[in-house]
Amino acid sequence: LPHAKVAPAPNIAIVYPATNNPLDIIAADDFNAIRNWLYLDAAVHGRYNNIVWSYLTQRGWAPTIEDGDMEALKAGKPDFIAFNYYSPHTVKASDANLLDPVGDPEEGDQQIAVVDPGVYEPVANPYLPRNQYGWEIDPVGFRSTFRALWDRYQLPLLVTENGLGALDQLTDDGQVHDEYRIDYLRQHIAQIQEAITDGVQILGYAPWSAIDLISTHQGARKRYGFIYVDRAEDDLRTLDRYRKDSFHWYQKVINANAVV
């Protein structure tokens, strides 16, 4: 396919330092490199991020580089960058003796950072609200992520996932009133326009998701879709589909090509 356009599609989100303490800023730099730049530096620049390479080498985790590996890495050039955005992170410097808690697998979320002793420790951002899964809701962080990606890579950007996981409730008359999802998406879409005004080249936006699906972490109970699927974690139920309030709202957004 000589005319095909290809891109990496990682989950990317900006990382904030907890304070102006220089050690917190280093911690944020480190987690940004591990969380974000490792994958895209390799895909776009054809090299491993130096911060992450040092991190891996110090721990004896660095992969062996064979003859031709780096040439092959440099030969792959993406045409654009696709990425998923849900929630940012805020971190502070971490005590090297701090334990890394495993926690309850039924709680928490894959969007939540865990401590890396001696490198960074996630903390709550007092300026950001959280959802029931512990995500910090940060539309402005979406804009910051756009700006950071564009400044670092100078490639057009395509949002392949952005949405809110929630425990939606189906009413007796077949309604799902998910105003919280509408609020999340409305605020994030508004920040796309701000990023465009900043000079970022954006190809498009795909909300997550059209229909409820199985979450990789919380199964069927965590819902993202504009369309509700009547099934439970351990019960198939009817599998009937119901349009949520967010479905009708997003239909208006598409028709208007603007936030409504």
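Note that the working numbering has the sequence shown beginning at 10, numbered continuously upward. Positions of the beta carbon are idealized from the N, C-alpha and C atoms, including for glycine.
The beta-carbon separation of Leu10 and Phe89, rounded to 16 Å, does not stay under the 8 Å limit for a contact. Its chain contains Ser96, Pro97 and Leu137 as the residues whose beta carbon lies nearer than 7 Å to that of Asp147, once the 5 sequence neighbours on both sides are disregarded; these appear in chain order. With a cutoff of 9 Å on beta-carbon distance, Phe235 and Arg252 are scored as near each other. The C-alpha of Val100 is placed about 7 Å away from the C-alpha of Val24. Straight-line spacing of the CA atoms in Gly228 and Leu222 works out to 8 Å.
In this chain, Arg152 is not harboured by any beta strand (DSSP E); it is covered by the alpha helix (DSSP H) spanning Pro148 to Tyr162.
Here the segment 58-65 lies against the segment 38-49, with 3 or more beta-carbon pairs under 8 Å apart. Listed in chain order, the non-local C-beta contacts of Ile191 below 7 Å within the same chain comprise Asp254, Ser255 and Trp258, local neighbours out to five positions each way being set aside. According to DSSP, Arg250 shares a beta bridge with Val238.
For the pair Glu80 and Asp104, the CB atoms are not nearer than the 9 Å cut-off. The Cβ neighbour count for Ile198, taken over all protein chains shown within 10 Å, is at least 16; the residue is labelled buried. The three-state secondary structure of Asn59, taken from DSSP, is helix.
Contact between the segment 174-189 and the segment 197-215 is absent: fewer than 3 CB-CB pairs across the two stretches fall below 8 Å.
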